[in-house]
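Enquirer: Residue numbers (our numbering): 23 to 441. Every residue gets a Cβ at the ideal spot worked out from N, C-alpha and C, and that includes glycine.
(1) What is the residue span of the alpha helix (DSSP H) that residue 167 lies within?
(2) Which residues mark the beginning and the end of the alpha helix (DSSP H) in which residue 262 is found?
(3) Select from 401, 352, 332 the residue whose C-alpha is nearest the C-alpha of residue 365.
(4) Measuring CA to CA, which of 362, 171, 429 is closest to residue 405?
(5) Decide yes or no for the touch test of the region 135-150 against the region 184-194: beta carbon pairs closer than 8 Å, at least 3 of them.
(6) Quick one, which of 242, 67, 350 has its alpha-carbon nearest residue 415's?
(7) Which runs of the beta strand (DSSP E) fall wholly inside the region 242-304 and span at least 3 residues, in chain order?
(8) Pick from 409, 192, 124, 157: whose alpha carbon is nearest that of residue 248?
(9) Should residue 236 and residue 189 be called a contact, given that it needs their Cβ atoms to be closer than 8 Å?
(10) Please name the residue, chosen from 61, 321, 51, 48, that lies closest to residue 250 on a Cα-to-Cα basis.
(11) With H, G and I counted as helix, E and B as strand and the rest as coil, what does DSSP make of residue 364?
(12) So residue 377 and residue 338 are in contact, right, with Cβ under 8 Å, and what is the actual spacing, rounded?
(13) Judging by CA-CA distance, which residue of 197, 111, 431, 239 is the nearest neighbour of residue 283?
(14) Per DSSP, residue 409 is paired with what?
(15) State the Cα-Cα distance for the pair residue 437 and residue 88, rounded to the nearest angstrom.
(16) Helix, strand or coil, according to DSSP, for residue 239 in the structure here?
(17) Just the C-alpha distance for residue 281 and residue 201, rounded to the nearest angstrom, thanks.
(18) With residue 113 and residue 84 assumed to form a contact (beta carbons below 8 Å), what rounded beta-carbon distance in angstroms separates them?
(19) How big is the Cα-Cα spacing for residue 209 and residue 178?
(20) Would the region 347-363 and the region 377-396 be scored as touching if the rule is three or more Cβ pairs under 8 Å?
(21) Taking the alpha helix (DSSP H) that residue 421 falls in, what are its first and last residues?
(22) With the cut-off set at 8 Å, would you say residue 273 and residue 257 are in Cβ contact?
(23) Where do the N-terminal and C-terminal ends of the alpha helix (DSSP H) with residue 128 fall, by residue?
(24) Within the same chain, show all residues whose beta-carbon is closer than 6 Å to that of residue 395, passing over the 5 residues directly before and after it, in chain order.
(25) For residue 137, which beta-bridge partners are listed by DSSP?
(26) Please classify residue 402: does DSSP put it in a helix, a strand, or coil?
(27) Between residue 266 and residue 285, which are expected to be in contact by the criterion C-beta below 8 Å, what is the C-beta distance as a whole number of angstroms?
(28) With H, G and I counted as helix, E and B as strand and the rest as coil, what does DSSP make of residue 341?
(29) Measure the alpha-carbon distance for residue 78 versus residue 140 and round it to whole angstroms.
(30) For residue 96, which three-state DSSP category applies?
(31) May I have the straight-line CA-CA distance separating residue 180 from residue 94, to the nearest angstrom?
(32) Please name the residue in 92, 63, 51, 90 whose C-alpha comes closest to that of residue 74.
(33) Please state the DSSP three-state secondary structure of residue 78.
(34) For residue 204 and residue 288, which I take to be in contact (beta-carbon distance under 8 Å), what is that distance rounded to the nearest angstrom?
(35) So, residue 171 versus residue 131, is the Cβ gap smaller than 8 Å?
(36) Restricting to Cα atoms, I'd like to know which of 385, 144, 121, 215 is closest to residue 156.
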């Protein structure tokens, strides 16, 4: 079973509960599909019936619908050890719906296709400095990249169920980007600008395009791809800007207006360097990609995020003094900000994602040192600091995974579309 669904276990659901909540068939489809998605090993029809309280006849009928809709496939049975025919296990289908994850960042565009099993089928990146580019032009380029990804998915026999777009800024529930300071965007209506370029056909109950903060989508990806039991954590995405996704008890915390996680604009030097947001001493002015490159003597190198991280990692491994000092100072600044968040929210895990993931060996020690020094409970309740399971591409992968997750949560919409 793919790691993307590890943390979404389903323990038990009764048919009585399903009746109370609404459509019996709709809920039974969701119960069975979630059970298959969360299983460590392919469950049999009989095993699903025993674990959910549904009758074997009901499970059999539901599974037949899911197979016909290309949501579920039968696995080869395990070798027989006794009398009788071995039961076939059930797995998520790899040739049905897929999610499209898109990302607009300061110096690149990305598109990612993830199938229902959580496998990344395609990941496309285009390098470009998008700061001098208008939002309409940037989104036009993104639409072209999305079309390439969609064509690749079609060649694989996949059908896109929707798309999720990651943006490094404040995004409201309608997809309006209120502010993306590193891009120079303010009040950009992304859905309206993309209206002439449908990125995916709508599925009943599944919007064709969701626009969200890139750190939020990265955190959602980590929730499903990370180690089992990791249900409360702070996921930090380090690029030119720095964002954070906060997951509490398996749920993304968005805040009262949906704008939580702007850790890059927490001041670590109140009278420090001016920031694009209008403040002073913000974390990203000390631990963002541009700040680290400048401190390492690479200012003006014009390296895209993943290339910059790779270059810094190569120099650090070679023992370059300027790079090691730059990463230590960035980690210290990051640790100061993280310690405040941990003190406030009592989190036990910090995940270093985006461009921070390949730099974790050098960033982690100073971050841990600051947490140990500043977090009140650190002496008897240590905080784990680790690189993201999805690495530097977590936002696009997390966005695509959020689409297929919605299919798993509400398969009736997909089945209505597929007939």
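Expert: Here's the rundown:
(1) 157-177
(2) No alpha helix (DSSP H) holds residue 262; DSSP gives it neither H nor E.
(3) 401
(4) 362
(5) no
(6) 242
(7) DSSP runs (the beta strand (DSSP E)) wholly in the region 242-304: 255-260, 264-270, 273-275.
(8) 409
(9) yes
(10) 61
(11) helix
(12) With 8 Å as the limit, residue 377 and residue 338 do not qualify as a contact, their Cβ atoms being about 13 Å apart.
(13) 239
(14) The bridge partners DSSP lists for residue 409 are 374.
(15) 8 Å
(16) helix
(17) 10 Å
(18) About 15 Å; that fails the 8 Å criterion.
(19) 37 Å
(20) yes
(21) 416-431
(22) Not in contact: residue 273 and residue 257 (Cβ atoms no closer than 8 Å).
(23) Where residue 128 is concerned, there is no enclosing alpha helix (DSSP H), given that its DSSP letter is neither H nor E.
(24) So no residue of the chain qualifies.
(25) 120
(26) coil
(27) Here residue 266 really is in contact with residue 285; their C-beta atoms are around 4 Å apart, less than 8 Å.
(28) coil
(29) 28 Å
(30) Residue 96 falls in the strand class under three-state DSSP.
(31) 14 Å
(32) 51
(33) In the structure shown, the three-state DSSP call for residue 78 is helix.
(34) Between residue 288 and residue 204 the Cβ distance is about 16 Å, and since that is not below 8 Å, they are no contact.
(35) no
(36) 215
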